[in-house]
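S.K.:
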Amino acid sequence: MKRLRMKVNKEKRIGRVLFIVEGSRYEFSLLQKIFVGVFQYEYLEKRRSRPARFISGTDKFSRIAVVNTRESNIKDITENEQFLDDVFEMLLKEYDYPVDQSAIYYLFDRDPESNNDSEQIRNYISILRNPYENDGFWRAGQLLLSYPSVESYTITAFDDKSDNLRFMLGKEAKRYIAGHTDIQLNKVDENALIKAAEYFLKYIDDMGVTLDLDEFEGTSMAIFNQQDIDYCKEEGFRLFSMLTLSLLQLGLTEMI
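Going by my numbering, the sequence shown opens with residue 1173, and the numbers climb by one from there.
What follows is the structure, encoded as structure tokens:
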């Protein structure tokens, strides 16, 4: 694939964006570093069993909220709806954050230690296909899967050898980061976002599938099926995180 030039739009106003995540630490740190550290947006988070925290930003027209599901498992998207409903009500009453007027992203790992029901995940790919509305489903939302875990995003944002890395489990990606001091959340900047986006696009090209930012469901399913085949053959997951998809959809990174 011809190398595409990418850019980061730091002045882009994106309104309200909600990320629903499974982990209670790494995802929050990563998203805060991106949206506060790079873009200076207002940021609101609600972790499990912790008080909500708000960080003021310079752009009052862009507000990011990050919340947990009740447990660290993808099934909680639909099986513990009341927990999320209570969190959404808190966001509205205490922070004037109407979730029904927000773009919604579900950021989850494919790590088979925590999310091992392949058919359930395929179902979520089919129904959670748009951050603003999903026909026939009770709530908007785009499912963003990371293989094997969200740490893949950080690795691909820094490591030139990402193409050659494969991990069976998320804890292997964590160990890899721990052993490479050049891969650090506190170093995430515009260049890191561009590098991660370039890797994302190369991965799509290597798969031989079509990139359609507005209709990504088919591509996501193709990626899931191929990754599942590789995992079952004990080859491990090739690093890939759809977190980049949300940045492209929101216009925060784009191809020149």
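Idealized CB from N, CA, C, for every residue including glycine.
In this text, all values refer to a predicted model and were calculated from it rather than measured experimentally.
Contact between the region 1384-1394 and the region 1355-1375: three or more CB pairs below 8 angstroms?
M.R.: no
S.K.: Can you list, in chain order, the residues of its chain whose CB lies under 7 angstroms from that of T1326, leaving out five sequence neighbours each side?
M.R.: As a working note, residue 1326 is residue 154 in the sequence shown. Contacts found: L1202, I1349, I1355, L1357.
S.K.: Rounded to whole angstroms, what is the Cα-Cα separation between D1335 and S1286?
M.R.: Within the sequence shown, residue 1335 is the residue found at index 163, counting from 1. Within the sequence shown, residue 1286 is the residue found at index 114, counting from 1. Each residue's alpha carbon lies about 24 angstroms from the other.
S.K.: What is the residue span of the alpha helix (DSSP H) that E1460 lies within?
M.R.: Outside the displayed span of the chain (1173 to 1428) sits residue 1460, for which this structure offers no information.
S.K.: Could you check what DSSP says for M1340 in three-state terms: helix, strand or coil?
M.R.: Counting from one through the sequence shown, the residue named residue 1340 turns up at place 168. Residue state, collapsed to three classes: coil.
S.K.: Near R1235, which residues of its chain fall below 6 angstroms by C-beta distance, leaving aside the five closest residues on each side in sequence?
M.R.: Residue 1235 sits at position 63 when you count from the first residue of the sequence shown. So the qualifying residues of the chain are R1188, E1214.
S.K.: Rounded to a whole number of angstroms, what is the C-alpha to C-alpha distance between I1401 and L1337?
M.R.: By one-based count along the sequence shown, residue 1401 stands at place 229. By one-based count along the sequence shown, residue 1337 stands at place 165. Each residue's alpha carbon lies about 16 angstroms from the other.
S.K.: What separation, rounded to the nearest whole angstrom, lies between the Cα atoms of L1315 and D1283?
M.R.: In the sequence shown, residue 1315 corresponds to position 143, counting from 1. In the sequence shown, residue 1283 corresponds to position 111, counting from 1. Roughly 15 angstroms between the two C-alpha positions.
S.K.: If you draw a straight line from the alpha carbon of Y1371 to that of R1222, how long is it in whole angstroms?
M.R.: In the sequence shown, counting from the first residue as 1, residue 1371 sits at position 199. In the sequence shown, counting from the first residue as 1, residue 1222 sits at position 50. Each residue's Cα considered, the two are about 35 angstroms apart.
S.K.: Quick one, are the C-beta atoms of A1369 and L1420 less than 8 angstroms apart?
M.R.: On the sequence shown, position 197 is the one that residue 1369 refers to. On the sequence shown, position 248 is the one that residue 1420 refers to. Closer than 8 angstroms, so yes.
S.K.: Using the Cα positions of I1249 and A1275, report the straight-line distance between them to the nearest angstrom.
M.R.: Walking along the sequence shown from the start, residue 1249 turns up at place 77. Walking along the sequence shown from the start, residue 1275 turns up at place 103. Going by the C-alpha atoms only, they are around 16 angstroms apart.
S.K.: Please identify the residue among R1410, A1224, Q1204, I1428 whose C-alpha is closest to the C-alpha of S1318.
M.R.: Taking the first residue of the sequence shown as 1, we reach residue 1318 at position 146. Checked all of R1410, A1224, Q1204, I1428; the closest Cα to S1318 is R1410.
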